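Trainee:
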Amino acid sequence: MDRGVVIVGAGQAGFQTALSLRNEGYAGKIALIDDEGRVPYARPPLSKAYLKGTATAESLEYRPAEFFVQQSLDLVLNDPAVEIDRGRQTVALRSGRELEWSSLVLATGAHVRRLPSLGKEPSYLRTFADSESLRSHLSGSGSLLAIGCGFIGLEAAAAARAQGKQVRVIGAEARLMGRAVSPFISAWFHALHERHGVEIQLNTAVQGVSETSAVLPDGTVETADTVVVGIGVIPNTELAAKANLAVSGGIVTDSYLRTTDPAIFAVGDCAMHPNVYAGGLTRIESVQNAADHARAVASTISGRPKEYRQVPWFWTEQFEAKLQIAGLAVEADETEVKGDPESGKFSVYSYKAGKLKFVESVNQPAAHIAARKLLEI
Ligand SMILES: Cc1cc2nc3c(=O)[nH]c(=O)nc-3n(C[C@H](O)[C@H](O)[C@H](O)COP(=O)(O)OP(=O)(O)OC[C@H]3O[C@@H](n4cnc5c(N)ncnc54)[C@H](O)[C@@H]3O)c2cc1C
Numbered sequence: 239m240d241r242g243v244v245i246v247g248a249g250q251a252g253f254q255t256a257l258s259l260r261n262e263g264y265a266g267k268i269a270l271i272d273d274e275g276r277v278p279y280a281r282p283p284l285s286k287a288y289l290k291g292t293a294t295a296e297s298l299e300y301r302p303a304e305f306f307v308q309q310s311l312d313l314v315l316n317d318p319a320v321e322i323d324r325g326r327q328t329v330a331l332r333s334g335r336e337l338e339w340s341s342l343v344l345a346t347g348a349h350v351r352r353l354p355s356l357g358k359e360p361s362y363l364r365t366f367a368d369s370e371s372l373r374s375h376l377s378g379s380g381s382l383l384a385i386g387c388g389f390i391g392l393e394a395a396a397a398a399r400a401q402g403k404q405v406r407v408i409g410a411e412a413r414l415m416g417r418a419v420s421p422f423i424s425a426w427f428h429a430l431h432e433r434h435g436v437e438i439q440l441n442t443a444v445q446g447v448s449e450t451s452a453v454l455p456d457g458t459v460e461t462a463d464t465v466v467v468g469i470g471v472i473p474n475t476e477l478a479a480k481a482n483l484a485v486s487g488g489i490v491t492d493s494y495l496r497t498t499d500p501a502i503f504a505v506g507d508c509a510m511h512p513n514v515y516a517g518g519l520t521r522i523e524s525v526q527n528a529a530d531h532a533r534a535v536a537s538t539i540s541g542r543p544k545e546y547r548q549v550p551w552f553w554t555e556q557f558e559a560k561l562q563i564a565g566l567a568v569e570a571d572e573t574e575v576k577g578d579p580e581s582g583k584f585s586v587y588s589y590k591a592g593k594l595k596f597v598e599s600v601n602q603p604a605a606h607i608a609a610r611k612l613l614e615i
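Mapping the sequence shown onto the numbering used here, position 101 (from 1) lands on 339, and the numbers just tick up by one.
Now the structure itself:
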């Protein structure tokens, strides 16, 4: 007898799993367990439109609360899963409630990596509550110091600059978004930020932070009215580890996103999965990865087993530039720039051993869509 599906985590991957199960015609019980106390919402605007004040809280929600009732989805708010019993196929919630399942989907996402705190905590940016708090801090501030030169730090910097704040970015790496983009794109975005008046300091690993300060390696203390830290995330794997599922830099899965227990799946930011584009096990933090994982798992649970093998893609928005990346960045041995970087519309094609590996398009959505097709394996 089918005891239903329990999905732990109601973010991008958890929500999409529930939605896709119903789209696949799955008619059994579905419970979606949340620990934030909010109807599932999109995170990307938290460092973009919502932070700038150009999006409302409601516009972030994937669907209104009534939708979950209409679809017979048991959305359990603010009651985290605390323990999985694999033998009895149940999961216990903090409230003491116990749910049974035939398939369990772990969609627990990730939490922010923190810096040593030297007093009151600075801002971090992962949840709606984080963005709301940063937005209110910023409204009374003249200056922002962003620690981290990845997507989150740079998007927060651009959002603050658009509101006329004085902005400084300090990053540990040698170039902007170093792990995810080509050197050409790093340099282009560096110039873009400087043109907009953002001050950038690279190769500087901040040692400690407070609400309004950061300590640099040489002991210098930098101050600003608001400090935001964006130095990466750590996957939420505790629940899986406690249930003796394999965990190694994420919850380990096979190509069907099954964990070491075939009735338990892991999807999205928390899943260390075999990825044909990475050529091995990897963990990817993106909307595409979370949503496509969810679709594959929903198909498998509905009786049509589906391996995960989608082309990875990602986007970021900073000032007037929308960057879309198809494929995974690697150290390339040949790059080709098409279009006109001066005009702000161009694409960079990166090759390794003669093979196209990834394509970065700035304000060229059609080139990005075409690139996804070109990269399909
Ligand atoms: C500010 C910001 C901007 C971003 N911008 C982009 C972008 O422009 N493009 C892009 O592709 N990606 C972007 N991302 C990344 C993208 O949002 C994530 O990759 C995506 O949300 C991952 O979805 P997920 O469901 O795996 O994890 P999450 O969205 O993190 O959801 C996991 C949920 O599970 C909950 N949870 C954890 N443990 C439990 C438990 N035991 N019980 C119940 N619930 C639990 C968590 O609290 C969370 O609510 C951004 C992320 C952030 C934070």
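Positions of the beta carbon are idealized from the N, C-alpha and C atoms, including for glycine. All values derive from a computational prediction rather than experimental measurement.
#1: List the whole-angstrom C-beta distance separating Lys286 from Glu555, where the pair is believed to meet the contact cut-off of C-beta under 8 angstroms.
#2: What I want to know is whether the C-beta of Trp339 ends up closer than 6 angstroms to one or more non-hydrogen atoms of ligand 1.
#3: As a quick exercise: from Ala570, Asp317, Asn513, Gly357, pick the residue whose alpha carbon is nearest that of Ser588.
#4: Rank Ile390, Ile408, His434 by C-alpha distance to the C-alpha of Gly468 and give the top, closest one.
#5: Is the distance from the Cβ of Phe330 to the Cβ of Glu336 below 7 angstroms?
#6: Using only the alpha-carbon positions, how far apart do Ala319 and Ile271 sit?
#7: Only counting the same chain, and skipping five residues up and downstream in sequence, which positions put a Cβ closer than 7 angstroms to that of Ala398?
#8: When every heavy atom of ligand 1 is checked, does at least one fall within less than 6 angstroms of the C-beta of Thr520?
#9: Looking at the secondary structure, which residues open and close the alpha helix (DSSP H) in which Ala303 lies?
#10: Which of the three DSSP states is assigned to Thr255 in this structure?
#11: Quick check on Asp240: buried or exposed, where buried means 16 or more other Cβ atoms within 10 Å of its Cβ?
#12: From Gly252 to Ala509, what does the alpha carbon distance come to, in whole angstroms?
#13: May I ask you to check if the CB of Leu648 is nearer than 6 angstroms to at least one heavy atom of ligand 1?
#14: Does ligand 1 have even one heavy atom less than 6 angstroms from the beta-carbon of Ala256?
#15: Taking 7 angstroms as the cut-off, decide whether the C-beta atoms of Ala265 and Asp312 are in contact.
#16: What beta strand (DSSP E) runs, 3 residues minimum, are completely inside the segment 517 to 600?
#17: Can you check DSSP and say which residues form a bridge with Glu336?
#18: Counting along the chain, where does the beta strand (DSSP E) carrying Glu321 start and finish?
#19: Could you have a look at Leu356 and say whether DSSP puts it in helix, strand or coil?
#20: Output the distance between the C-alpha atoms of Ala425 and Asn261, rounded to the nearest integer angstrom.
#21: Rounded to a whole number of angstroms, what is the C-alpha to C-alpha distance between Ala604 and Glu558?
#22: Taking 6 angstroms as the cut-off, does the CB of Ile271 come closer than this to any heavy atom belonging to ligand 1?
#23: Using a Cβ distance threshold of 8 angstroms, determine whether the segment 522 to 539 contacts the segment 496 to 506, with at least three qualifying pairs required.
#24: State yes or no: is the C-beta of Thr497 within less than 7 angstroms of the C-beta of Ile489?
#25: From Gly541 to Thr328, what does the alpha carbon distance come to, in whole angstroms?
#26: My understanding is that Gln616 touches Ile408, with C-beta atoms under 8 angstroms, so please give their C-beta distance in whole angstroms.
#27: Cβ atoms of Tyr288 and Ser369: under 7 angstroms apart, would you say?
#28: Out of Val459, Trp551, Glu614, Asn527, which has the shortest C-alpha to C-alpha gap to Gly249?
#29: Does Pro512 come out as helix, strand or coil in the three-state DSSP assignment?
#30: Just the C-alpha distance for Glu545 and Leu495, rounded to the nearest angstrom, thanks.
#31: Any heavy atom of ligand 1 closer than 6 angstroms to the CB of Gln250?
#32: Tell me, which residues are paired with Val419 by DSSP?
#33: Return yes when the Cβ of Leu298 is within less than 7 angstroms of the Cβ of Ala280, no when it is not.
#34: Tell me whether the segment 443 to 453 and the segment 351 to 360 touch, counting them as touching only if at least three CB pairs, one residue from each stretch, are closer than 8 angstroms.
#35: Just verifying my parser: in three-state terms, what is the DSSP assignment at Tyr288?
#36: Is Ile615 helix, strand or coil when you go by DSSP?
Mentor: Looking at the coordinates:
#1: For the purposes of this step, residue 286 is identified with residue 48 of the sequence shown, where counting begins at 1. For the purposes of this step, residue 555 is identified with residue 317 of the sequence shown, where counting begins at 1. Sure, about 5 angstroms apart at Cβ, within 8 angstroms.
#2: The residue you call residue 339 lines up with position 101 of the sequence shown. Placement of the Cβ of Trp339 at a distance of 6 angstroms or more from every heavy atom of ligand 1 is found.
#3: Along the sequence shown, read from residue 1 onward, the residue named residue 588 stands at position 350. Out of Ala570, Asp317, Asn513, Gly357, Ala570 has the C-alpha closest to the C-alpha of Ser588.
#4: As a working mapping, residue 468 is identified with position 230 in the sequence shown. Put simply, of Ile390, Ile408, His434 the residue whose alpha carbon is nearest the alpha carbon of Gly468 is Ile390.
#5: As a first step, residue 330 must be located in the sequence shown, where it is residue number 92. As a first step, residue 336 must be located in the sequence shown, where it is residue number 98. Contrary to the premise, residue 330 reads as Ala rather than Phe in this sequence. Closer than 7 angstroms, so yes.
#6: Counted from its first residue, the sequence shown places residue 319 at position 81. Counted from its first residue, the sequence shown places residue 271 at position 33. Approximately 7 angstroms, taken between the alpha carbons.
#7: To locate residue 398, count along the sequence shown from 1; it is residue 160. Shown here for Ala398: same chain residues with a beta carbon closer than 7 angstroms to its own, the five before and five after excluded, namely Leu376, Leu382, Val405 in chain order.
#8: To locate residue 520, count along the sequence shown from 1; it is residue 282. Thr520: no, Cβ never under 6 angstroms from ligand 1.
#9: Working through the sequence shown from its first residue, we reach residue 303 at position 65. Note, Ala303: alpha helix (DSSP H), 303 to 308.
#10: Against the sequence shown, residue 255 aligns to sequence position 17. Helix, per DSSP.
#11: Position 2 of the sequence shown, counted from the start, is the residue given in the question as residue 240. By the neighbour-count rule (16 or more Cβ atoms within 10 Å), Asp240 is not buried but exposed.
#12: Counted from its first residue, the sequence shown places residue 252 at position 14. Counted from its first residue, the sequence shown places residue 509 at position 271. Cα to Cα, Gly252 sits roughly 12 angstroms from Ala509.
#13: Since the first residue of the chain shown is 239 and the last is 615, residue 648 is not available in this structure.
#14: By 1-based counting over the sequence shown, the position of residue 256 is 18. Not under cutoff, so the answer is no.
#15: Mapped onto the sequence shown, residue 265 falls at position 27. Mapped onto the sequence shown, residue 312 falls at position 74. No; because the gap between Cβ atoms is not below 7 angstroms, this pair is not in contact.
#16: Along the segment 517 to 600, the beta strand (DSSP E) occurs as fully enclosed runs of 3 or more residues at 518 to 520, 551 to 556, 559 to 565, 572 to 578, 583 to 590, 593 to 600, listed in sequence order.
#17: Within the sequence shown, residue 336 is the residue found at index 98, counting from 1. Ala330.
#18: On the sequence shown, residue 321 is found 83 positions in, with the first residue counted as 1. In this chain, the beta strand (DSSP E) harbouring Glu321 covers 319 to 323.
#19: On the sequence shown, position 118 is the one that residue 356 refers to. DSSP places Leu356 in the coil class of the three-state scheme, outside both helix and strand.
#20: Residue numbering aside, residue 425 sits at position 187 when the sequence shown is read from its first letter. Residue numbering aside, residue 261 sits at position 23 when the sequence shown is read from its first letter. Distance between the alpha carbons of Ala425 and Asn261 is about 43 angstroms.
#21: Translated into positions along the sequence shown, residue 604 becomes position 366. Translated into positions along the sequence shown, residue 558 becomes position 320. Roughly 17 angstroms between the two C-alpha positions.
#22: Counting from one through the sequence shown, the residue named residue 271 turns up at place 33. For ligand 1, at least one heavy atom lies less than 6 angstroms from the Cβ of Ile271.
#23: They touch, by the three-pair rule.
#24: Taking the first residue of the sequence shown as 1, we reach residue 497 at position 259. Taking the first residue of the sequence shown as 1, we reach residue 489 at position 251. Taking the C-beta atoms as reference points, Ile489 is found nearer than 7 angstroms to Thr497.
#25: What you label residue 541 is simply residue 303 of the sequence shown in a count that begins at 1. What you label residue 328 is simply residue 90 of the sequence shown in a count that begins at 1. So the alpha carbons of these two residues sit roughly 21 angstroms apart.
#26: Outside the shown range of the chain, which is 239 to 615, sits residue 616, and nothing can be said about it.
#27: Here residue 369 corresponds to residue number 131 of the sequence shown, with the count starting at 1. Here residue 288 corresponds to residue number 50 of the sequence shown, with the count starting at 1. Closer than 7 angstroms, so yes.
#28: One-based indexing of the sequence shown puts residue 249 at position 11. Taking each of Val459, Trp551, Glu614, Asn527 in turn and checking the Cα distance to Gly249, the smallest one comes out for Asn527.
#29: In the sequence shown, the residue the question calls residue 512 occupies position 274. In this structure, Pro512 counts as strand in the three-state DSSP scheme.
#30: Looking up residue 545 in the sequence shown gives position 307. Looking up residue 495 in the sequence shown gives position 257. Approximately 8 angstroms, taken between the alpha carbons.
#31: Numbered from 1 along the sequence shown, position 12 holds the residue referred to as residue 250. Flag set: Cβ of Gln250 near ligand 1.
#32: Counting from 1 along the sequence shown, the entry for residue 419 is found at position 181. Paired residue(s): none; Val419 is not in a bridge.
#33: Indexing the sequence shown from 1 puts residue 280 at position 42. Indexing the sequence shown from 1 puts residue 298 at position 60. Result yes, Cβ atoms of Ala280 and Leu298 sit closer than 7 angstroms.
#34: Yes, the segment 443 to 453 touches the segment 351 to 360.
#35: As a first step, residue 288 must be located in the sequence shown, where it is residue number 50. Note: Tyr288 maps to helix in three-state DSSP.
#36: Position 377 of the sequence shown holds residue 615. Here DSSP, grouped into helix, strand and coil, assigns Ile615 to coil.
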